[in-house]
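In our numbering, the protein residues as written are 14 to 184.
The C-beta atom is built at its ideal place from N, Cα and C for all residues, glycine as well.
Please read the structure below before turning to the comments.
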Amino acid sequence: MLSEKIQLVLNKQLNAEFHSAYTYLSLAAYFEDLDLNGFAHWMKIQYQEELVHADKIYTYINDRDGRVVLAALKEPRPEWESPLEAFKWALANEQALSQKIYRVVDEALLERDHATHTFMQWFVNEQVEEEAIVRDIVSDIERIIESKDGLFLMDRDLASRAPDDGPDSPV
Ligand code: MG
């Protein structure tokens, strides 16, 4: 059984993951509009991963006999200044998500909810990967920013991204 407090923070995190998914879908739409289909594809994969994260939390709350309560989603940002600014913003989004995850972990420790603490470690590890991947793409864009061909080649590269299940379960 989940405590009221843990149930609340998990439901908040569920909303944060859905909002993140919505944000990546908005980023995908931005890149579709620029005809950078590889970038858009990358964002769509990211969108789907965030939905998987939300679903993990949904399942966990139910497994612990808690109650999932869905809240309204905040409108995602619709426009960015450039592909570089869009990816920098995506990195900031991931960093903010990591902080939110740490807050859930903090609460789990305070409440001595070891099951939730263990469950959340997957997300802690996933965020390390997410931040590293997005940071690498920001660096790549910064490197090729002067060349239009560079953006074109990068678009082809990002088009080949396949879905990833995230870090292996520690158990
Ligand atoms: Mg996530």
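Can you give me the C-alpha to C-alpha distance between residue i and residue j, rounded to a whole angstrom?
{"i": "A103", "j": "S16", "result": "33 Å"}
{"i": "A145", "j": "R156", "result": "17 Å"}
{"i": "V184", "j": "I158", "result": "The pLDDT assigned to V184 is 48, lower than 50, so where the model puts this residue is not dependable; a value taken from the coordinates is nonetheless given after this. About 43 Å."}
{"i": "A105", "j": "E98", "result": "10 Å"}
{"i": "V118", "j": "M56", "result": "27 Å"}
{"i": "L23", "j": "Y115", "result": "12 Å"}
{"i": "R125", "j": "F132", "result": "13 Å"}
{"i": "H66", "j": "K161", "result": "35 Å"}
{"i": "S111", "j": "G163", "result": "31 Å"}
{"i": "D149", "j": "E63", "result": "19 Å"}
{"i": "L123", "j": "Q26", "result": "17 Å"}
{"i": "Q108", "j": "F44", "result": "22 Å"}
Quick check on the DSSP output: the alpha helix (DSSP H) that includes residue i runs from which residue to which?
{"i": "E98", "result": "P96 to L123"}
{"i": "M56", "result": "N50 to D76"}
Using three-state DSSP, classify residue i as helix, strand or coil.
{"i": "L83", "result": "coil"}
{"i": "I146", "result": "helix"}
{"i": "M14", "result": "coil"}
{"i": "R174", "result": "coil"}
{"i": "W93", "result": "coil"}
{"i": "L47", "result": "coil"}
{"i": "S39", "result": "helix"}
{"i": "V184", "result": "Model confidence at V184 stands at a pLDDT of 48, short of 50, so the residue's coordinates are unreliable; what they give is reported in the following sentence. Looking at V184 - three-state DSSP - the assignment turns out to be coil, as it is neither helix nor strand."}
{"i": "I158", "result": "coil"}
{"i": "G163", "result": "helix"}
{"i": "D153", "result": "helix"}
{"i": "E30", "result": "helix"}
Measuring alpha carbon to alpha carbon, tell me which of the options ends up nearest residue i.
{"i": "D78", "options": "L122, M14 and L64", "result": "M14"}
{"i": "F136", "options": "S39, D68, L38 and F52", "result": "D68"}
{"i": "E92", "options": "L47, S152 and D177", "result": "L47"}
{"i": "A53", "options": "D178, F165 and P180", "result": "F165"}
{"i": "D177", "options": "S111, E142 and I19", "result": "E142"}
{"i": "H130", "options": "E62, Y73 and I150", "result": "Y73"}
Any heavy atom of the ligand MG closer than 7 Å to the Cβ of residue i?
{"i": "L110", "result": "yes"}
{"i": "S33", "result": "yes"}
{"i": "H66", "result": "yes"}
{"i": "E30", "result": "yes"}
{"i": "E63", "result": "yes"}
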